[in-house]
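Number of protein chains: 2
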Amino acid sequence: MKKITIGEAARRSGVKVPTVRYYESIGLLAAPSRSEGNQRSFEPADINRLAFIRHARELGFEIEAIRTLLTLQDDPHQSCASADAIAKARLVEVEQRIRSLTALKAELETMVEGCGHGRVDQCRVIEVLADHGQCTHPHH
Amino acid sequence: MKKITIGEAARRSGVKVPTVRYYESIGLLAAPSRSEGNQRSFEPADINRLAFIRHARELGFEIEAIRTLLTLQDDPHQSCASADAIAKARLVEVEQRIRSLTALKAELETMVEGCGHGRVDQCRVIEVLADHGQCTHPHH
DNA sequence: CCTACATCCTCTAGCGACTAGAGGTGCAAG
DNA sequence: CTTGCACCTCTAGTCGCTAGAGGATGTAGG
Numbered sequence: 001m002k003k004i005t006i007g008e009a010a011r012r013s014g015v016k017v018p019t020v021r022y023y024e025s026i027g028l029l030a031a032p033s034r035s036e037g038n039q040r041s042f043e044p045a046d047i048n049r050l051a052f053i054r055h056a057r058e059l060g061f062e063i064e065a066i067r068t069l070l071t072l073q074d075d076p077h078q079s080c081a082s083a084d085a086i087a088k089a090r091l092v093e094v095e096q097r098i099r100s101l102t103a104l105k106a107e108l109e110t111m112v113e114g115c116g117h118g119r120v121d122q123c124r125v126i127e128v129l130a131d132h133g134q135c136t137h138p139h140h
Numbered sequence: 001m002k003k004i005t006i007g008e009a010a011r012r013s014g015v016k017v018p019t020v021r022y023y024e025s026i027g028l029l030a031a032p033s034r035s036e037g038n039q040r041s042f043e044p045a046d047i048n049r050l051a052f053i054r055h056a057r058e059l060g061f062e063i064e065a066i067r068t069l070l071t072l073q074d075d076p077h078q079s080c081a082s083a084d085a086i087a088k089a090r091l092v093e094v095e096q097r098i099r100s101l102t103a104l105k106a107e108l109e110t111m112v113e114g115c116g117h118g119r120v121d122q123c124r125v126i127e128v129l130a131d132h133g134q135c136t137h138p139h140h
């Protein structure tokens with residue numbers, strides 16, 4: 001058995017060292033065995049689990065959603081309906097967020113374009129912020 | 001002078017009561033005068049300021065950016081270059097975020113579509129999460 | 001074997017922008 | 001006068017880490 005230190009686990013999974021310890025502390029990752037000198041010694045499976053978590057985090061899944069996804073992964077004979085539901089919910093969130101950010105972008109563009117680069121009292125950025133009624137797009 | 005209570009200030013500005021107190025505590029809003037019984041009494045100008053803050057927050061500006069925007073608003077003879085720069089920076093952020101979310105959306109769609117609604121060991125959602133190499137889009 | 005240095009350990013506190021709750025006071029209507 | 005809501009302050013919690021203190025371990029070179 002080659003021992004994988006936390007540093008190497010971090011490098012291989014792309015999760016930072018303190019974050020690995022954090023995941024262990026919240027029970028997302030099982031506590032690994034320890035060396036004589038009390039240092040963590042990870043298994044290859046832990047690296048996979050960390051990579052899974054990292055990827056899910058990059059996709060914006062919350063820790064609790066990931067916890068559910070991981071329990072599903074741990075028991076591959078279950079129905080994947082929950083995984084499907086979680087992913088679908090996340091998709092809806094992302095679509096909503098894109099819509100709202102797109103409206104926002106239009107708003108910001110109007111602000112920036114309208115700015116005459118003069119003094120504040122003619123500045124459209126400040127003006128639009130002060131008066132919501134000037135919003136051209138129903139972003140909120 | 002009609003006194004505006006914190007509750008009415010909240011209703012009129014769309015900022016929640018505890019959040020109004022929070023803004024005061026971090027110096028975003030000047031501490032208002034108090035009634036005999038130590039209750040806050042706001043001016044109409046405070047409502048405008050709160051509405052400004054709320055709108056800026058909805059547009060995703062950070063508190064420190066809003067602090068700068070507010071000092072600009074307080075002195076309308078200044079150049080609006082800073083306001084312009086802040087808005088432009090925010091626009092760049094928003095555009096970046098939209099791009100990344102759009103890639104994410106494609107990823108999630110692939111996951112959800114591929115899901116045969118069977119057991120976990122055939123589930124594409126879990127599979128893709130476990131193996132970053134299966135990502136079709138360079139979202140991260 | 002000793003030293004230097006990177007890496008590891010635990011623990012606590014901090015980030016942003018609030019939000020929730022405890023425990024108490026003020027105020028207007030019935 | 002009492003009911004009941006709105007107000008007050010203060011502390012602690014949220015999420016997902018991140019930073020730092022202060023110390024122990026592991027490894028490579030001399």
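Residue numbers (the UniProt record's numbering), protein chains in the order written: chain A, 1 to 140; chain B, 1 to 140.
By construction, the Cβ of each residue, glycine as well, lies at the ideal position given by its N, Cα and C atoms.
Keep in mind that this is a model prediction, so the values were computed, not measured.
(message) Can you pull the chain A neighbours of V112 of chain B, defined as C-beta to C-beta under 8 Å?
(response) D84, A87, K88 and L91
- Item | Under 7 Å from the C-beta of S79 of chain A: neighbouring residues of chain B | Correct list: R119.
**Request:** Could you check which residue in A:K3, A:A83, A:R21 and A:Y23 has the C-alpha nearest to that of A130 of chain B?
**Result:** A:A83
Check: At a CB-CB cut-off below 8 Å, which residues of chain B make contact with residue 148 of chain A?
Finding: Here chain A has residues from 1 to 140 only, and residue 148 of chain A is not among them.
Exercise for review: Return the CA-CA distance between R57 of chain B and R90 of chain B, expressed in angstroms with no decimal places.
Suggested key: 12 Å
Terminal residues of the alpha helix (DSSP H) in which A85 of chain A lies:
Counting along the chain, the alpha helix (DSSP H) containing A85 of chain A begins and ends at A81 to G114.
Suppose the cutoff is 7 Å on Cβ atoms and the five residues either side in sequence are ignored; what does the same chain contact list for T68 of chain B look like? Cβ neighbours of T68 of chain B within its own chain (closer than 7 Å, five residues either side excluded): S82 and I86.
Margin query: When you compare the region 102-112 of chain B with the region 58-65 of chain B, are there three or more beta-carbon pairs, one atom per stretch, that lie closer than 8 Å?
Written below: no
Q. If you pair each beta-carbon of the region 116-124 of chain B with each one of the region 70-81 of chain A, do three or more pairs fall below 8 Å?
A. Touching, yes.
Practice task
Pull up the CB-CB distance for S25 of chain A and R54 of chain A, whole angstroms please, since I reckon it's below 8 Å.
Solution key: Actually they are not in contact, since the Cβ atoms of S25 of chain A and R54 of chain A sit about 17 Å apart, beyond 8 Å.
* Cutoff 8 Å: R97 of chain B Cβ touching any chain A Cβ -> yes
Contact under 8 Å by Cβ, H117 of chain A with C80 of chain B:
It is a contact, given that the beta carbons lie within the stated cut-off.
Margin query: Residues of chain A with CB closer than 8 Å to the CB of F52 of chain B, please, in chain order.
Written below: L129 and A130
query = Can the beta-carbon of R40 of chain A be found closer than 8 Å to that of I6 of chain A?
reply = yes
Next on the checklist: For a contact defined as C-beta to C-beta under 8 Å, what are the partners of V125 of chain B on chain A?
Outcome noted: L69, C80, A83, D84, I86 and A87
Nearest-angstrom Cα separation, counted from A51 of chain A out to Q96 of chain A | 27 Å
Once the 5 residues before and after K16 of chain B are set aside, which same chain residues still bring their CB inside 8 Å of it? A10
### Query
Y23 of chain B: which of B:K2, B:L59 and B:L70 sits nearest, CA to CA?
B:L70
Practice prompt. Could you name the residues of the same chain whose beta carbon sits closer than 7 Å to that of K3 of chain B, not counting the 5 residues immediately before and after it, in chain order?
Written response: So the qualifying residues of the chain are S35 and S41.
Query raised in the report: Once you ignore the five residues that flank V125 of chain B on each side, which residues in its own chain have a CB closer than 6 Å to its CB?
Result: Cβ neighbours of V125 of chain B beyond the five flanking positions: M111 and C115.
* **Neighbour list for A56 of chain A in chain B, Cβ cutoff strictly below 9 Å** => By Cβ distance, chain B contributes L129.
*Find the nearest neighbour of L72 of chain A within the set A:E113, A:E93 and A:L28, judged by alpha-carbon distance.*
A:L28
- Query: So, using beta-carbon positions, are I98 of chain B and T102 of chain A closer together than 8 Å?
  - Reply: yes
Taking the continuous alpha helix (DSSP H) assigned at N48 of chain A, which residues delimit it?
P44 to E58
Exercise for the section: Please work out which residues of its chain come closer than 8 Å, Cβ to Cβ, to V94 of chain B, disregarding the five sequence neighbours upstream and downstream, and give them in chain order. Expected result: For V94 of chain B, same chain residues with a beta-carbon under 8 Å away, outside a window of 5 residues either side, are G60 in chain order.
Exercise for review: State yes or no: is the beta carbon of P44 of chain B nearer than 8 Å to at least one beta carbon in chain A?
Suggested key: With respect to chain A, the C-beta atom of P44 of chain B has no partner C-beta closer than 8 Å.
Q. Is any beta-carbon of chain B found at less than 8 Å from that of L59 of chain A?
A. With 8 Å as the cut-off, L59 of chain A counts as an interface residue toward chain B.
**Q.** C-alpha gap between N38 of chain B and E8 of chain B, whole angstroms
**A.** 16 Å
*Expressed to the nearest angstrom, what Euclidean distance is found between the alpha-carbon atoms of E127 of chain B and Q134 of chain B?*
8 Å
- prompt: How big is the Cα-Cα spacing for A30 of chain B and K88 of chain A?
  reply: Between the C-alpha atoms of A30 of chain B and K88 of chain A there is a straight-line separation of about 45 Å.
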